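Engineer: Residue numbers (this note's numbering), protein chains in the order written: chain A, 1 to 374; chain B, 1 to 133. Glycine included, each C-beta is placed from N, C-alpha and C at the ideal position. Given the structure is predicted, the values throughout are model-derived calculations rather than measurements. Below is one structure. I have some questions about it.
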């Protein structure tokens, strides 16, 4: 069996560990390097963990994600400049998804902004982009009366997701939960914490931003309450079924939000960095577009596989996996815009084998619990 | 749902790429992947078998097994011609995890160079390889 060296990368000493590392090791997690961190990819199996989130409740240590606090009279003006969405529309205690665009519209990162106070916001960045985001913010904050602080070390982050997640968290931690797309201050483990009604799985749930010191105890409390520990493997299959973008796969500085299907979180009237390029892309259309697809028979698409129509290459797979919920191969691909419509028959060249597939609509899988919530 | 404990039956021959061969008479063998291989890969969700009649070469890939997150080539421990593939794995690829040496067998092969068996490892040698790996 070859290729195992790719699935089991060597863990080196230079990797950072979250405050939950000992808990992961105790549970026998498979740990892999991820964006400079040693993170659990799975505990008992990706499929089991995936289904636990779809049917019950699972929790993910996502403490590797970055946090940036933006505060001051100029906070709103600054965020309108660097974030693609209309931050002025976020009420106190609200949450909003945005792209961080370069001048040419390329997506540097995608993130959630939470409004914690009148002129105080928290941004949650992708760990691989955190340092670059901070440098970018430093450059664009000049002229604004705002402080931009790296507060990543202040928080451990636990995503608890699934149809029973909210009920279990509220009961086990004895806290009130904010509604979906909102954030609330709370006390967890007798320390200040933030509870966010957001997630990356397509299920109901919360994301807890807590003191790293008390994170191991909270982890055990939730474990004892029946929440299933889940690794980054299941996080990826869950987000792909929900058609949530992964920066580095589906988003990159070479792609603008319009071709990525993220025009909905771009409000060009705010004049954000990259707004002109996004305006142009929206008006003129883009050569390629990101579209979800399902394999019709056997085969599992993987990132980089060519997409074919009539024997001609028309694009490439950006994210591909086996879907534990649908039990078929699924993915998202950038392909010629005229072909990126639901129903279009395509083929995926999976290591030389042409697998029949069809463009689908978003999401690829919709959970009953998230449907009920809308 | 994988076998909880590592096992390497004494009656099999092992290839260092984590494949096993069970000799059947002088000219035939059954191939599969070892406990270590299935454990490293995780739950197998797809097995793409070769065609019956295909020629396979020792040390070369003859099939693919995929978990949710990864795809791996399966390496032939010996050379030969495929005479049978385990069709039951199409609907139940998890057999490769649950019973890698029996129900989870991958192919039956008519050997073209039976003496290649001499270069394969015994169970004890393979265990040592894993320990020192």
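Is the distance from the Cβ of residue 156/A to the Cβ of residue 229/A below 7 Å?
Structural biologist: What you label residue 156/A is simply residue 156 of the first chain in a count that begins at 1. What you label residue 229/A is simply residue 229 of the first chain in a count that begins at 1. No, Cβ-Cβ distance for residue 156/A and residue 229/A is not below 7 Å.
Engineer: Is it true that the CB of residue 84/A sits closer than 7 Å to the CB of residue 101/A?
Structural biologist: As a first step, residue 101/A must be located in the first chain, where it is residue number 101. As a first step, residue 84/A must be located in the first chain, where it is residue number 84. Closer than 7 Å, so yes.
Engineer: Within 10 angstroms of its Cβ, does residue 209/A collect 16 or more other Cβ (buried), or is it exposed?
Structural biologist: Start at 1 with the first residue of the first chain, and residue 209/A comes out as number 209. So residue 209/A ends up on the buried side.
Engineer: By the 7 Å beta-carbon criterion, what residues does the region 27–48 of chain B contribute toward chain A?
Structural biologist: Result list: 33, 37, 40, 41, 42, 43, 45 and 46.
Engineer: Can you list, in chain order, the residues of its chain whose CB lies under 7 Å from that of residue 145/A, leaving out five sequence neighbours each side?
Structural biologist: Within the first chain, numbered from 1, the residue matching residue 145/A stands at position 145. Here the set comprises 72, 73 and 74.
Engineer: What beta strand (DSSP E) runs, 3 residues minimum, are completely inside the region 220–303 of chain A?
Structural biologist: Here the runs fully enclosed are 228–230 and 288–295.
Engineer: Who are the Cβ neighbours of residue 340/A in its own chain at under 8 Å, not counting the five residues just before and after it?
Structural biologist: Counting from one through the first chain, the residue named residue 340/A turns up at place 340. If we look at residue 340/A and ignore the five residues flanking it on each side, its Cβ neighbours are 288, 289, 290, 291 and 359.
Engineer: Out of 38/B, 40/B and 51/B, which one is the CA nearest neighbour of residue 81/B?
Structural biologist: On the second chain, position 81 is the one that residue 81/B refers to. With distances taken between Cα atoms, residue 81/B lies closest to 51/B.
Engineer: What is the DSSP secondary structure of residue 117/B, reduced to helix, strand or coil?
Structural biologist: Taking the first residue of the second chain as position 1, residue 117/B is located at position 117. Helix, per DSSP.
Engineer: Quick test of your reading: residue 101/B and residue 13/B, contact by CB under 8 Å. State the CB separation rounded to the nearest angstrom.
Structural biologist: As a working note, residue 101/B is residue 101 in the second chain. As a working note, residue 13/B is residue 13 in the second chain. Actually they do not touch by this definition, with Cβ atoms about 12 Å apart.
Engineer: State yes or no: is the C-beta of residue 198/A within less than 7 Å of the C-beta of residue 95/A?
Structural biologist: In the first chain, residue 198/A corresponds to position 198, counting from 1. In the first chain, residue 95/A corresponds to position 95, counting from 1. Yes; because the gap between Cβ atoms is below 7 Å, this pair is in contact.
Engineer: Expressed to the nearest angstrom, what Euclidean distance is found between the alpha-carbon atoms of residue 87/A and residue 78/A?
Structural biologist: Counting from one through the first chain, the residue named residue 87/A turns up at place 87. Counting from one through the first chain, the residue named residue 78/A turns up at place 78. So the alpha carbons of these two residues sit roughly 10 Å apart.
Engineer: Show which residues of chain A have a CB atom less than 7 Å away from the CB atom of residue 58/B.
Structural biologist: Stepping through the second chain from its first residue, residue 58/B is reached at position 58. Ordered by position in chain A, no residue passes the 7 Å Cβ test against residue 58/B, which lies about 13 Å from the chain.
Engineer: Which value, in whole angstroms, describes the spacing of the CA atoms of residue 140/A and residue 88/B?
Structural biologist: For this step, residue 140/A is matched to residue 140 along the first chain. For this step, residue 88/B is matched to residue 88 along the second chain. Cα-Cα distance, rounded: 60 Å.
Engineer: If you draw a straight line from the C-alpha of residue 5/A to the C-alpha of residue 164/A, how long is it?
Structural biologist: Counted from its first residue, the first chain places residue 5/A at position 5. Counted from its first residue, the first chain places residue 164/A at position 164. With a pLDDT of 40 at residue 5/A, under the threshold of 50, the modelled position of that residue is not reliable, and the figure given next carries that caveat. Residue 5/A and residue 164/A: Cα-Cα distance of roughly 37 Å.
Engineer: Kindly say whether residue 68/B, judged by its beta-carbon, lies nearer than 7 Å to any beta-carbon of chain A.
Structural biologist: One-based indexing of the second chain puts residue 68/B at position 68. Yes, residue 68/B lies at the interface with chain A (some Cβ there is under 7 Å from its Cβ).
Engineer: For residue 126/B, which three-state DSSP category applies?
Structural biologist: In the second chain, the residue the question calls residue 126/B occupies position 126. Three-state DSSP puts residue 126/B in a helix.
Engineer: Could you spell out the range, first to last residue, of the beta strand (DSSP E) harbouring residue 161/A?
Structural biologist: Position 161 of the first chain holds residue 161/A. Looking at the DSSP string, the run of the beta strand (DSSP E) that includes residue 161/A is 156–161.
Engineer: Let me know the alpha helix (DSSP H) ranges lying completely inside the region 22–71 of chain B, each 4 residues or longer, listed in chain order.
Structural biologist: The qualifying runs are 35–41.
Engineer: Hey, how far is the Cα of residue 61/A from the Cα of residue 158/A?
Structural biologist: Position 61 of the first chain, counted from the first residue, corresponds to residue 61/A. Position 158 of the first chain, counted from the first residue, corresponds to residue 158/A. If you take the alpha carbons of residue 61/A and residue 158/A, they lie about 5 Å apart.
Engineer: With which residues is residue 346/A paired in a DSSP beta bridge?
Structural biologist: As a first step, residue 346/A must be located in the first chain, where it is residue number 346. Residue 346/A is bridged to 357/A.
Engineer: Please report how far the alpha carbon of residue 301/A lies from the alpha carbon of residue 35/B, in whole angstroms.
Structural biologist: Within the first chain, numbered from 1, the residue matching residue 301/A stands at position 301. Within the second chain, numbered from 1, the residue matching residue 35/B stands at position 35. Each residue's Cα considered, the two are about 26 Å apart.
Engineer: Could you pull the DSSP bridge partners for residue 80/A from this structure?
Structural biologist: Locating residue 80/A in the first chain gives position 80, where the first residue counts as 1. Residue 80/A pairs with nothing; no bridge assigned.
Engineer: Which of helix, strand or coil does DSSP assign to residue 201/A?
Structural biologist: For this step, residue 201/A is matched to residue 201 along the first chain. It is coil, neither helix nor strand.
Engineer: In chain B, which residues lie with their C-beta within 8 Å of the C-beta of residue 244/A?
Structural biologist: Mapped onto the first chain, residue 244/A falls at position 244. Those within 8 Å of residue 244/A in chain B number zero; the least Cβ separation is about 17 Å.
Engineer: Among 263/A, 64/A, 112/A and 185/A, which one has its Cα closest to the Cα of residue 152/A?
Structural biologist: Here residue 152/A is taken as the residue at index 152 of the first chain, counted from 1. The residue with the shortest Cα to Cα distance from residue 152/A is 64/A.
Engineer: Can you list, in chain order, the residues of its chain whose CB lies under 7 Å from that of residue 306/A, leaving out five sequence neighbours each side?
Structural biologist: The count along the first chain starts at 1 and reaches residue 306/A at position 306. Excluding residues within five positions, the ones whose Cβ falls inside 7 Å are 313, 316 and 349.
Engineer: In three-state terms, what does DSSP make of residue 46/A?
Structural biologist: For the purposes of this step, residue 46/A is taken as residue 46 along the first chain, with counting starting at 1. If DSSP states are grouped into helix, strand and coil, residue 46/A belongs with the helices.
Engineer: Where does residue 149/A sit, in a helix, a strand or coil, going by DSSP?
Structural biologist: Taking the first chain and counting its residues from 1, one reaches residue 149/A at position 149. Strand at residue 149/A.
Engineer: So residue 96/A is in the beta strand (DSSP E); what residue range does that whole segment cover?
Structural biologist: Taking the first residue of the first chain as position 1, residue 96/A is located at position 96. Counting along the chain, the beta strand (DSSP E) containing residue 96/A begins and ends at 95–101.
Engineer: Using the C-alpha atoms, what's the distance from residue 324/A back to residue 295/A?
Structural biologist: As a position in the first chain, residue 295/A is number 295, starting the count at 1. As a position in the first chain, residue 324/A is number 324, starting the count at 1. Roughly 13 Å between the two C-alpha positions.
Engineer: Taking contact to mean at least 3 C-beta pairs separated by less than 8 Å, is the region 254–269 of chain A in contact with the region 98–118 of chain A?
Structural biologist: Output reads yes: the region 98–118 of chain A touches the region 254–269 of chain A.
Engineer: Would residue 387/A pass as an interface residue toward chain B - the criterion being a Cβ-Cβ separation below 7 Å?
Structural biologist: There is no way to answer for residue 387/A, as the model of chain A reaches only from 1 to 374.
Engineer: Quick one: is residue 26/B buried, meaning 16 or more other Cβ sit within 10 Å of its Cβ, or exposed?
Structural biologist: Residue mapping note: residue 26/B aligns to position 26 of the second chain, counting from 1. Answer is exposed; the Cβ neighbour count stays below 16.
Engineer: Could you tell me the boundaries of the alpha helix (DSSP H) in which residue 167/A lies?
Structural biologist: Start at 1 with the first residue of the first chain, and residue 167/A comes out as number 167. Counting along the chain, the alpha helix (DSSP H) containing residue 167/A begins and ends at 165–173.
Engineer: Measuring only between beta-carbons, confirm whether residue 239/A sits less than 7 Å from chain B.
Structural biologist: Position 239 of the first chain holds residue 239/A. No, its Cβ sits nowhere closer than 7 Å to a Cβ of chain B.
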